[in-house]
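Protein sequence lines correspond, in order, to chains A and B. Residue 319 is where the first sequence starts when you use the working numbering, and the numbers rise one by one after that. Residue 3 is where the second sequence starts when you use the working numbering, and the numbers rise one by one after that. Even glycine gets a Cβ: it sits at the ideal position worked out from N, Cα and C. A short worksheet on the structure shown next.
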Amino acid sequence: MLNIENIDVFYNELQALWGVSMVVNEGEIVALIGPNGAGKTTTLRIISGLLKPASGDIRFLDHPLGKEPPHKIVEMGISQVPESGKIFTGMSVFENLELGAFVAKARKEKDQSLEWVFGIFPRLAERKNQQAGTLSGGERQMLAIARALMSRPKLLMLDEPSFGLAPILVEHMFEMIAKINQQGVTILLVEQNVQAALELAHRAYLLENGRIVGQGNGQELLSFESVRSSYLG
Amino acid sequence: MLQNLGQNLAFGILVGALYGLVALGLSLVFGVTKFLNVAHGELLMFGGYASFLIFSKLKWDPFLTIPITILTLFLIGALLYKLVFSRTVKLPEESKIKNTLLIAFGLSVILQNLALRFWSADERGITASYASIVFTVFGIRLPLMRLASLVVAVVFLLALQLFLKKTYTGKAIRATVQNWEAASLMGINIHKVYLLSFAIGAALAGVAGTLVAVNYSIYPTMGLGWTLKALIVMVLGGLGNIPGTMVGGLILGVTESATSFFINSNYREVAGLILFLLVLIFRSQGLFGTKEN
C-alpha cells in the first residue's frame, strides 16, 4: 500500500534520514520505533507531505507522493495524527470533527463518519459541544484520532498517541488502535512505548540516527539485542 | 458641560466604529498569515478612490459604491498576494513578519505614487446630497453620515464573524489561525486560505476607504495615518481577535474624543499612542487577547 524507497531528508544542511526504505501493507499495523531524534516524526512528515525528501521515492497505492502538497495527500487517503494531537483548542469538539471531514469526498459522508467515530469514542459524543481546549489529556488524544478518522483514511498515521497519558489510558488507547485497525484502517504507528507497540503491531521498523537498523515482526524485534538493552532494560 | 461630554462620547463611539472597521482587515490578515501588511492604509486609500470615482463619474449613491469597491479591492488583494506576499509563506514566523513588513512598506510607497500619478495630490471627498442631515437626540447631534457609517461598520463586522463561525471555509480559516500545520493535515489548502484571507482583508480596507471618503477626505499620502490607527486598534483588541478589534476601535475613538474634551484636541493622537504603549508594556496580548496556549 505504502512504499518508501531509499529516501534522504535534510533540515537545512543537516541530514535527518539516510536511505530509509519501508513498506506498509494493506490491513497491517506497522510500528516505527526508535530513540528520540531518530527521525520517526520526520518520516511521518515526509509521508504526509509537510516535508519533502531530497531524494528517493514514496508511493501510495501506486501513486507517487513526492511532489504532492499535504492537502492532496489527505485526499488520497492518508491521515496523520500529529504529535500531541494538535487539536483546535479554540473550537468545539464538533467543529474539530467537521474540519476532519474537510476534503470534498469526506464532507459528503460526514454524518456517517460522525456516527462511526462516536461509536469508537462515545466520550466525544457526550462532549460534542464542549470547547476542545477544556478536554482532558486522554480526551484530547481521542479527539485528535477521531478527527483524523473523519477524512475516511485508508492509512492512519499516529505520532506517539500514548505520550503523556496515564498507564491505564495507554492500555485503553492501544485497544482503540487495534479496534480501528479491525475496522479496515491500515495503521502506521510511531511510539516510544516500545513494549506495547511491538505487542500490538504486525511488523515493526527500528530507526536509529536516521537509518533503519532493524525490521521484522514484533517478537523478532523484541528479541533484538539493541532493542532489549535500549528500551526494555 | 454634561451635554458637551455626551456629545463627545457619542462622537467617540461613531469614530471608533470606523477605526474598528479600518483595523478589521489588518487584524484578519495578521491572524491568519502573520503578514504585517503596513500597506493596509494604501489599500484603504484605493478603496476611497474607487468609491470616489464611481460617485463622481457615475453619480451613484456613495453607499451603493461599496459592492464595487469590495470587488475591486478583493481582486487587488488577491493579485498582491499572488505576485508578492505568497513568496514569504514558507518562511518561519519571525522572518515572515519582518520580511512582509519590508515588502509592505515598499508597496505602500509604490501605491502612493501610483495614486499620485492617476489622481493627483488634490484632496478629494464624497459629499452626498443628504450629507448635511443631522439628528438631535437629547441635545446630542448625530450626523446621518456618521450613523450610516456606524451601521456599515457593524454590518461588516457581523458578516465577517458569521462567515468565520458558520461556513466551512470560515472554519478552515480559523483552524489555520490556530495551527496551520494541523489544518493542512485536515486537507485544507493553506495557500488558498492565505490568498482568501488576504483578499478579504483588502476588501475590508476598501469598505473602510469608502467610509473615510464620505466622512473625511482622501489623498495619496493618507495611508500611513490610517495604518497607524489600525495598528493601535489591532494591538488594543488582541492580534487576530475579530470582536476584540471592534471594541479596540471604540476604545481608541472614545479615548481620542475624551482627550480633546478634557485636555486639548491637539493631544488626541498622542493619547492613542500612549494607550498603545501602555497596552504593549502591561498587556502585550491585547486587552481582549488570551495568551498563547
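Checklist entry - Looking only at its own chain, which residues have a Cβ that is under 7 Å from the Cβ of B:Glu294, when we skip the five neighbours before and after it? => result The residue you call residue 294 of chain B lines up with position 292 of the second sequence. Because the pLDDT at B:Glu294 is just 45, under 50, the model does not fix this residue reliably, and the point stays unresolved.
Checklist entry - If you draw a straight line from the C-alpha of A:Leu442 to the C-alpha of A:Phe436, how long is it? => result Stepping through the first sequence from its first residue, residue 442 of chain A is reached at position 124. Stepping through the first sequence from its first residue, residue 436 of chain A is reached at position 118. In a straight line, the C-alpha of A:Leu442 is about 6 Å away from that of A:Phe436.
Checklist entry - Roughly how many angstroms separate the alpha carbons of A:Ala519 and A:Leu379, rounded to a whole number? => result Locating residue 519 of chain A in the first sequence gives position 201, counting from the first residue. Locating residue 379 of chain A in the first sequence gives position 61, counting from the first residue. The straight-line gap from Cα to Cα measures roughly 21 Å.
Checklist entry - Whose C-alpha, out of A:Leu350, A:Trp336, A:Glu331, is nearest the C-alpha of A:Val342? => result As a first step, residue 342 of chain A is located in the first sequence; it is residue number 24 there, counting from the start. Ranking A:Leu350, A:Trp336, A:Glu331 by Cα distance to A:Val342 puts A:Leu350 first.
Checklist entry - Any beta-carbon of chain B closer than 8 Å to the one on A:Lys404? => result Looking up residue 404 of chain A in the first sequence gives position 86. Closer than 8 Å: yes.
Checklist entry - Along chain B, which residues have their Cβ under 9 Å away from the Cβ of A:Val392? => result Indexing the first sequence from 1 puts residue 392 of chain A at position 74. Those within 9 Å of A:Val392 in chain B are Ser186, Leu187, Met188, Gly189, Ile190.
Item to check | Contacting positions in the stretch 213-229 of chain B - beta carbon closer than 8 Å to chain A | outcome: none
Checklist entry - Are the C-beta atoms of B:Asn181 and some chain A residue less than 8 Å apart? => result Against the second sequence, residue 181 of chain B aligns to sequence position 179. Yes, its Cβ sits closer than 8 Å to a Cβ of chain A.
Checklist entry - Taking only beta-carbon atoms, is A:Ser454 less than 8 Å away from chain C? => result No chain C appears in the structure shown, which is made up of the protein chains A and B.
Item to check | Residues from the stretch 352-374 of chain A in contact with chain B, defined by Cβ distance under 7 Å | outcome: Ser366, Leu368
Checklist entry - First and last residue of the beta strand (DSSP E) that includes B:Trp62? => result Reading the second sequence from its first residue, position 60 is the one you call residue 62 of chain B. Per DSSP, B:Trp62 belongs to no beta strand (DSSP E) and is neither H nor E.
Next on the checklist: For the ligand GTP, I want to know if A:Lys404 counts as a neighbour, meaning its beta carbon is within less than 7 Å of at least one of the ligand's heavy atoms.
Outcome noted: You won't find the ligand GTP in this model; it holds no ligand whatsoever.
Checklist entry - Where does the unbroken beta strand (DSSP E) through A:Glu526 begin, and where does it stop? => result The residue labelled residue 526 of chain A in the question sits at position 208 within the first sequence. That run of the beta strand (DSSP E) goes 521-526.
Item to check | Proximity to A:Asn527 [Cα-Cα], best of A:Ser454, A:Gly534, A:Trp336 | outcome: As a first step, residue 527 of chain A is located in the first sequence; it is residue number 209 there, counting from the start. It is A:Trp336.
Checklist entry - If A:Pro471 sits next to A:Ile396, beta carbons under 8 Å apart, how far is it from one beta carbon to the other, in whole angstroms? => result Locating residue 471 of chain A in the first sequence gives position 153, counting from the first residue. Locating residue 396 of chain A in the first sequence gives position 78, counting from the first residue. That pair is a contact at about 6 Å.
Next on the checklist: Beta carbons nearer than 9 Å to chain B: which residues of the stretch 444-475 of chain A have them?
Outcome noted: Gly451, Ala462, Arg465, Ala466, Met468, Ser469
Checklist entry - chain B partners of A:Val421, CB-CB under 7 Å? => result Position 103 of the first sequence, counting from 1, holds the residue named residue 421 of chain A. Those are Gly189, listed as they occur along chain B.
Item to check | A:Ala466 beta carbon less than 8 Å from that of A:Gly418 | outcome: Walking along the first sequence from the start, residue 418 of chain A turns up at place 100. Walking along the first sequence from the start, residue 466 of chain A turns up at place 148. It is a contact, given that the beta carbons lie within the stated cut-off.
Checklist entry - How many Å lie between A:Gly345 and A:Pro485 at the Cα? => result Here residue 345 of chain A refers to the residue found at position 27 when the first sequence is read from its first residue. Here residue 485 of chain A refers to the residue found at position 167 when the first sequence is read from its first residue. Taking the straight line joining both Cα atoms gives about 27 Å.
Checklist entry - Shorter than 8 Å from the beta carbon of B:Lys173 to some beta carbon of chain A? => result Position 171 of the second sequence, counted from the start, is the residue given in the question as residue 173 of chain B. Yes, B:Lys173 counts as interfacial toward chain A.
Checklist entry - DSSP on A:Leu320, reduced to helix/strand/coil? => result Indexing the first sequence from 1 puts residue 320 of chain A at position 2. Strand at A:Leu320.
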